[in-house]
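Participant:
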Amino acid sequence: MGFNYGILILPIRAVQAVFSIIVLGTLAYAADRFWDSPSEINFLIFVSVWTLLALAYLIVAPMKFQQFAHKWAILGVEAVTMIFWFAGFIALADLLGDAQCGSRAGRRSGVCRSSIAGCVFAAFEWILFAITTAVSGLHAWRNKNERTVKQDPAAEVHNPI
Numbered sequence: 001m002g003f004n005y006g007i008l009i010l011p012i013r014a015v016q017a018v019f020s021i022i023v024l025g026t027l028a029y030a031a032d033r034f035w036d037s038p039s040e041i042n043f044l045i046f047v048s049v050w051t052l053l054a055l056a057y058l059i060v061a062p063m064k065f066q067q068f069a070h071k072w073a074i075l076g077v078e079a080v081t082m083i084f085w086f087a088g089f090i091a092l093a094d095l096l097g098d099a100q101c102g103s104r105a106g107r108r109s110g111v112c113r114s115s116i117a118g119c120v121f122a123a124f125e126w127i128l129f130a131i132t133t134a135v136s137g138l139h140a141w142r143n144k145n146e147r148t149v150k151q152d153p154a155a156e157v158h159n160p161i
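Residue numbers (full-length UniProt numbering): 1 to 161.
1. Do you know whose CA, among Thr133, Gly97 and Leu44, lies nearest Gly118's CA?
2. Short check: CB of Phe129 to CB of Met82, under 7 Å?
3. Could you check if Ile127 is buried or exposed, using at least 16 other CB atoms within 10 Å of its CB as the buried criterion?
4. On the three-state DSSP scale, how would you describe Asp152?
5. With distances taken between CB atoms, is the gap from Val47 to Phe121 smaller than 7 Å?
6. Cα-Cα, which of Leu10, Ile59 and Pro38 is closest to Cys112?
7. Residue range of the alpha helix (DSSP H) that Asp36 falls in?
8. Enumerate, from N- to C-terminal direction, the unbroken beta strand (DSSP E) stretches of 3 or more residues contained entirely within the stretch 85–132.
9. Would DSSP call Phe65 helix, strand or coil?
10. Is the separation between the beta-carbon of residue 192 and that of Ala17 shorter than 7 Å?
Below is the structure:
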């Protein structure tokens, strides 16, 4: 009998949603303060919104709409979102290094502080999506020969109505 990874996924999803909202807020503030917002910040704002939509699919589809929760579709959404976060936080970190946000004078700027916080939370978001992508990949690999994956009846949520 193996460990049920499904127990850990929902709390991770909640943290992913919270971190996405934090990145959205911090970088929206930074984008508002720029006259012409850098594309790196704009991309991470897009990724935050994408993540909220992806999380809606990744949480609701397996629970309520099993016909839309195909193992390869879930793995694809997870992998694309993970790649987006990786590309976004690396690009923003490079921009912040070029913009002297690591210097003493730069760290006092509200835009730099907000951008650095957004970049750090984006890196944590990438780590969380790397974990959930690995779990989804393991699930898809273990069930690669099955056309449909039977859900554990003990894990089903029963509606009392």
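Using N, Cα and C, we set each Cβ at its ideal position, and we do this for glycine too.
Facilitator: According to the structure data:
1. Leu44
2. yes
3. exposed
4. Because the pLDDT of Asp152 is 45, which lies under 50, any placement of that residue in the model is unreliable, and the number read from its coordinates should be weighed accordingly. Of the three classes helix, strand and coil, the one that applies to Asp152 here is coil, per DSSP.
5. no
6. Pro38
7. Counting along the chain, Asp36 falls outside any alpha helix (DSSP H), and DSSP gives it neither H nor E.
8. none
9. Three-state DSSP puts Phe65 in coil, outside helix and strand.
10. Nothing can be reported for residue 192, as the shown portion of the chain is limited to 1 through 161.
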